Amino acid sequence: MAHVWLVLTWSMSILVTMEDWILLEHWYWISLDRTTGKNDDTWNAYPIGDFAPDSMTGMEFADIDQDGDMDLIGGSYSRGPRTGDGDVDMHDALGRIGWFENPGDAKEIWTRHDISRRKRGMFDKFIARDVDKDGDIDFVATRGNSYPYDGVFWIEQIRSEEPVAAFTRARAVESEEMPLPN
Ligand SMILES: [Ca+2]
Ligand SMILES: [Ca+2]
Ligand SMILES: [Ca+2]
């Protein structure tokens, strides 16, 4: 079966009702079966995951773990104050980065790997590149809504023998790190 990969994101959700807008805080991929040679088949939507209660915004497909299938990295945007961290808590929509691991059969459950969650940040663009040419995929990304931390940055993929608890940040001073809401 040949699949067309199309991801529904928050930006598309403005076309539907408020009820559906909430539902589309999740990412789905849509499959169009072309084996019949026709384009009249049903489009089937399969869930990838969500960052609830954060608002998904940017995404990029790449084989992040190099196992032969396409994974998805994504970012959200914080809805609180833009010029200071402000009075927000873990249950507000904050600035998150994470990736979803393709289980091999993309119709099965994808595993979310959290990278970073902060009070401020609109992480709205990701481009997959091996920036440091060490053989693994890194990302060039953009950030807004969080002066003075906005701009273009890159995320270096570092592999370890054992899982580590947290992403290693590059800046000494940043928007405050926040725990996950659950
Ligand atoms: Ca993969
Ligand atoms: Ca690399
Ligand atoms: Ca690396």
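Numbering follows the working numbering, with no gaps: position 80 of the sequence shown is 73. We put the beta carbon where it would ideally sit given N, CA and C, even for glycine. In this text the structure is predicted, and so the values were computed from the model without any measurement.
message = Would you say the beta carbon of D56 is closer than 6 Å to some non-hydrogen atom of ligand 3?
response = no
task = Locate the beta strand (DSSP E) running through S48, then write down its first and last residues.
result = 48 to 55
task = Please look up how many angstroms separate the CB atoms of R89 and G68, rounded, as I've assumed it's under 8 Å.
result = 7 Å
message = When you measure from the CB of D64 to every non-hydrogen atom of ligand 5, does any distance come out below 6 Å?
response = No copy of ligand 5 appears in this structure; the ligands present are ligand 1, ligand 2 and ligand 3.
message = Going by C-alpha to C-alpha distance, which of H106, A45, I120 sits closest to A86?
response = A45
request  = With DSSP collapsed to three states, give me the class of V81.
outcome  = coil
query = Do D131 and ligand 1 come close, with the Cβ less than 6 Å from some heavy atom?
reply = no
key: As assigned by DSSP and simplified to three states, the class of S139   = coil
ask   = Where does L87 fall in DSSP's three states?
value = coil
task = Please state whether DSSP places M63 in a helix, a strand or coil.
result = coil
query = Buried or exposed: A163, going by 16 or more other Cβ atoms within 10 Å of its Cβ?
reply = exposed
ask   = So T76 is in the beta strand (DSSP E); what residue range does that whole segment cover?
value = From DSSP, T76 is part of no beta strand (DSSP E); its letter is neither H nor E.
Pairwise C-alpha distance: D123 and A176 = Nothing about residue 176 can be reported from this structure: the residues present for the chain run from -6 to 175 only.
Distance between G137 and K112 (C-alpha atoms, nearest Å) = 12 Å
Beta carbon of M52 nearer than 7 Å to that of P174 = no
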